[in-house]
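One structure below.
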Amino acid sequence: MITAAVANPRSSASPTCFELTLTPVFNHTADLSALAVHQRLTNYAFAQDEDVLSLLVDLGGVDMGYVAADGPTVSDAEGAIELVDRFESTVLTSTRIWKTLRPTVGDIEVVYTALPRPVSAATRTGPSLDFRLDQGGLIGSGMGFLALPPDREGGEVSATISVDLSGHQRDVSAAWTYGGGEGVVQIEGETVFGRIANTFWAVGPVKSLESPSSSAKLNDFNMYWFGEPPFDPFELGSRLGTVFAEMRSFFRDTGDTYRIFLRHNPFPGSLTGTALHRSFMHGYDDSERAYPPTLQDREAVLVHEMVHNWVSLEGAESLSSENWYSEGLADYYAVLLRYRLGLLDPREYLEEVNRRLVGYYTSPAVAWSWEHLLEATWLISHAQEMPYARGFAMGLKVNGLIRRASGGAASLDDLVVTLVARLQRGERHGLREYLDLLTDVLHDEELPTALVDDMKAGELQIPSEDCLDPLPFHTRLVSQQLEVFELGFAEKALLAGNHTIEGLVAGSRAELAGLRNGDRVHMLYGSAYHHAKGNFEARLTLEVQRVGWEPFVVDFWPRSRERALAYMFVEVEDEL
Numbered sequence: 001m002i003t004a005a006v007a008n009p010r011s012s013a014s015p016t017c018f019e020l021t022l023t024p025v026f027n028h029t030a031d032l033s034a035l036a037v038h039q040r041l042t043n044y045a046f047a048q049d050e051d052v053l054s055l056l057v058d059l060g061g062v063d064m065g066y067v068a069a070d071g072p073t074v075s076d077a078e079g080a081i082e083l084v085d086r087f088e089s090t091v092l093t094s095t096r097i098w099k100t101l102r103p104t105v106g107d108i109e110v111v112y113t114a115l116p117r118p119v120s121a122a123t124r125t126g127p128s129l130d131f132r133l134d135q136g137g138l139i140g141s142g143m144g145f146l147a148l149p150p151d152r153e154g155g156e157v158s159a160t161i162s163v164d165l166s167g168h169q170r171d172v173s174a175a176w177t178y179g180g181g182e183g184v185v186q187i188e189g190e191t192v193f194g195r196i197a198n199t200f201w202a203v204g205p206v207k208s209l210e211s212p213s214s215s216a217k218l219n220d221f222n223m224y225w226f227g228e229p230p231f232d233p234f235e236l237g238s239r240l241g242t243v244f245a246e247m248r249s250f251f252r253d254t255g256d257t258y259r260i261f262l263r264h265n266p267f268p269g270s271l272t273g274t275a276l277h278r279s280f281m282h283g284y285d286d287s288e289r290a291y292p293p294t295l296q297d298r299e300a301v302l303v304h305e306m307v308h309n310w311v312s313l314e315g316a317e318s319l320s321s322e323n324w325y326s327e328g329l330a331d332y333y334a335v336l337l338r339y340r341l342g343l344l345d346p347r348e349y350l351e352e353v354n355r356r357l358v359g360y361y362t363s364p365a366v367a368w369s370w371e372h373l374l375e376a377t378w379l380i381s382h383a384q385e386m387p388y389a390r391g392f393a394m395g396l397k398v399n400g401l402i403r404r405a406s407g408g409a410a411s412l413d414d415l416v417v418t419l420v421a422r423l424q425r426g427e428r429h430g431l432r433e434y435l436d437l438l439t440d441v442l443h444d445e446e447l448p449t450a451l452v453d454d455m456k457a458g459e460l461q462i463p464s465e466d467c468l469d470p471l472p473f474h475t476r477l478v479s480q481q482l483e484v485f486e487l488g489f490a491e492k493a494l495l496a497g498n499h500t501i502e503g504l505v506a507g508s509r510a511e512l513a514g515l516r517n518g519d520r521v522h523m524l525y526g527s528a529y530h531h532a533k534g535n536f537e538a539r540l541t542l543e544v545q546r547v548g549w550e551p552f553v554v555d556f557w558p559r560s561r562e563r564a565l566a567y568m569f570v571e572v573e574d575e576l
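As structure tokens, then:
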């Protein structure tokens, strides 16, 4: 049994107590099919018409929050409580909320069965937060299946969470963000219910790479998965464990365990990932068996997600706020730290920087306003990816500004590490603090705010000559006119549904290569589309099925004839 006690650091004579027990449910063929959820609340009363539970049912186009038809059922000292549910939506989320029709009395019990999300080859990829079946196990985030009470400001909660594995003779174990295997983990903090939701879980025939009990770094870094991935998880985990140790040192980390969860995507979803508190989910698909990504490509994704553990701004959980910082600098440090650790040689480092810059400058969304990006973020992948690219380019730009203003005595590292320290001390670490720190180092009251405002307005971010880490050769920033990325048809044909070509652009390279509306297409590997955006010379190869034709292959360069101004670094001969 895995048990974790979660307590508010402030004590009281009668704190609110919360017990959550999860029990595996097996179907008639003895396969793991669901989780039985049981909750008990003590000293946590609700008034009539007050919201009792909430559960995300959609986030960024990913449906989640499946429960059996008879639940949840809620009762207290006076018996069953009648609930009424409703749905509330924002641009990015939809939430199911239950309210009570009478005041509650005494202890409250909640019972329901959490069901996995149905997925198939036609499912569109998105945030890895849904709860689903994977190779005999159940895996996903807490927000994907846990209907939880609301956090109350200043409320004190002591929570006990357990996975009941007793009575099961099968090879069933469990792991989650706060625990793996047998044992007890103590954590403290406020907003307990939000913290419980903000975790990853795996229940079933879990395989793992864990620090041995004799290790001085017990539970520093662990990894969990089901089945047999198309790569060696032990080799990958060992390598990432070394990277994580160095990252902890760089960010002066004071936290505890870090856990990675791996899962298979039955749809095009290679090299995907989503980070939560001190953990993340990494997805792979079947195409990786025939077309395995390079180690550097996989590491870039995984290290990016690990950086999220430290690099964030308060209020930056969605595109509507400041994720140019969290996503852009996660890309920035995923490149920079791998170079500093020797995982990239100098020319590979330069190539990684240029690849991201090319993807940024040649994106159709390069000049879109922040509001436009928000509206389109889960409709068009270019909009979803632009905060990463724009934030990366701005990171280079700001690093150069800081170096020049400080005479080389400071860099972006100093600003970021200061914000990380504030995060770990529980102090404010939002946009205001970022701007204040930047104002201090640049000795300019107006420039930092103008930088952020211009970036959000879509102004081109141009790095300076001196923004790179030291290299054993000279470089120069040059400008070029490069062809803008153009797929040539609606991208959903590659990402979801029945993969049928629609919206073919007349005269596009896709059309000239032979594609037609109504063709059904298949990418040879799941990350091909994303790869082509940043790799300027990359081509797309698609297997095509057309009614009345034998299957054939189409290969084309996904670039338009329109060109855009782009900047990149080139190696130059030493000047005499």
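Under the UniProt record's numbering, think of the first position of the sequence shown as 1, with each following residue one higher. Just so it is clear, CB atoms sit at the ideal spot from N, CA and C, and this is done for glycine as well.
Which residues does DSSP pair with residue 198 in a beta bridge?
In the DSSP output, where bridge partners are listed per residue, residue 198 has none listed.
Please classify residue 24: is it buried, with 16 or more other beta-carbons within 10 angstroms of its beta-carbon, or exposed?
Buried, because 16 or more other Cβ atoms sit within 10 Å of the Cβ of residue 24.
Are residue 135 and residue 282 close, meaning C-beta to C-beta below 8 Å?
Not closer than 8 Å, so no.
What is the rounded straight-line gap between the Cα of residue 296 and the Cα of residue 274?
Their backbone Cα atoms lie some 18 Å apart in a straight line.
DSSP three-state label for residue 214, please.
Confidence in residue 214 is poor, its pLDDT being 41 and thus under 50, which makes the residue's placement unreliable; the coordinate value appears in the next sentence. Residue state, collapsed to three classes: coil.
Taking 8 Å as the limit between beta carbons, can you name the residues of its chain near residue 63, skipping five residues before and five after?
Excluding sequence neighbours, residue 63 sits near 57, 117 and 130.
Provide the residue span of the alpha helix (DSSP H) that contains residue 178, from first to last.
Run containing residue 178: none; DSSP gives neither H nor E here.
Following the continuous alpha helix (DSSP H) through residue 239, name the residue where it begins and the one where it ends.
Element bounds for residue 239: 233 to 250.
Are residue 443 and residue 313 touching if we call contact CB-CB under 8 Å?
No, the pair does not count as a contact, with Cβ atoms beyond the cut-off.
Assuming residue 513 and residue 503 are in contact, meaning their beta carbons sit under 8 Å apart, how far apart are those beta carbons, in whole angstroms?
In fact, because the Cβ distance is near 16 Å, the residues do not count as touching under 8 Å.
Which of helix, strand or coil does DSSP assign to residue 98?
Strand, per DSSP.
Classify residue 345: buried if its beta carbon has 16 or more other beta carbons within 10 angstroms, exposed otherwise.
Under this definition residue 345 is an exposed residue.
Using beta-carbon positions only, say whether residue 141 and residue 20 come within less than 8 Å of one another.
The answer is no: Cβ separation not under 8 Å.
Can you tell me whether residue 273 is helix, strand or coil according to DSSP?
Residue 273: strand per DSSP, three-state reduction.
Report yes or no: do the region 478 to 487 and the region 350 to 366 share at least 3 C-beta pairs separated by less than 8 Å?
With a cut-off of 8 Å, the region 350 to 366 and the region 478 to 487 count as touching, because enough Cβ pairs lie within range.
Go ahead and pull the three-state DSSP assignment for residue 226.
Coil.
Can you say whether residue 571 is buried or exposed, counting buried as having 16 or more other CB atoms within 10 angstroms of its CB?
Classification of residue 571: exposed, given that the 10 Å Cβ count is below 16.
Which partner residues does residue 264 have in the DSSP bridge list?
Per DSSP, 284.
Return the first residue and the last residue of the beta strand (DSSP E) that residue 480 is part of.
Note, residue 480: beta strand (DSSP E), 474 to 485.
Using alpha carbons as the reference points, say which of 378, 391 and 499 lies closest to residue 546.
Of 378, 391 and 499, the residue nearest in Cα terms is 499.
Might you give, ordered along the chain, the residues of its own chain that have their beta carbon closer than 7 Å to the beta carbon of residue 229, omitting 5 neighbours on each side?
The answer, listed in chain order, is 262 and 284.
Have a look at 461, 527 and 517 and flag the residue whose alpha-carbon is nearest the alpha-carbon of residue 565.
Answer by Cα proximity: 461.
Just checking my contact of residue 67 with residue 113 at CB under 8 Å: how many whole Å lie between their CB atoms?
Yes, residue 67 and residue 113 are in contact; Cβ-Cβ is about 7 Å, under 8 Å.
Run through DSSP, which three-state label would residue 373 get?
DSSP places residue 373 in helix when its eight states are reduced to three.
Report the rounded CA-to-CA distance for residue 34 versus residue 143, giving the unit in angstroms.
Their Cα atoms are separated by approximately 15 Å.
Here's the rule: buried if 16 or more other CB atoms are within 10 angstroms of the residue's CB, otherwise exposed. What is residue 427?
So residue 427 counts as exposed.
Considering only the alpha carbon of each residue, which of 103, 98 and 69 lies closest to residue 77?
With distances taken between Cα atoms, residue 77 lies closest to 103.
Please check the pair residue 293 and residue 527, which I expect to be a contact at CB under 8 Å, by giving their CB distance rounded to whole angstroms.
So it is a contact: roughly 6 Å between Cβ atoms.
Taking the straight line between their C-alpha atoms, what separation do you get for residue 585 and residue 400?
Examination of residue 585 is not possible in this model, given that the chain is present from 1 through 576 alone.
Exposed or buried, residue 384, counting other C-beta atoms within 10 Å across all chains shown (16 or more means buried)?
Classification for residue 384: buried.
With distance defined between alpha-carbon atoms, name the residue in 531, 168 and 538 nearest to residue 298.
Nearest option by C-alpha distance: 531.
I'd like the list of long-range same chain contacts for residue 406, defined as Cβ closer than 8 Å, with 5 residues on each side in sequence excluded.
Taken in chain order, the residues that qualify are 441.
Tell me which same chain residues have a C-beta within less than 6 Å of the C-beta of residue 157, skipping the five on either side of it?
Correct list, in chain order: 8, 16, 18 and 192.
Helix, strand or coil for residue 543, going by three-state DSSP, please let me know.
DSSP places residue 543 in strand when its eight states are reduced to three.
Taking the alpha-carbon of residue 60 as reference, which of 352, 339 and 377 has the nearest alpha-carbon?
Ranking 352, 339 and 377 by Cα distance to residue 60 puts 377 first.
Just how far apart, CA to CA, sit residue 331 and residue 71?
Approximately 42 Å, taken between the alpha carbons.
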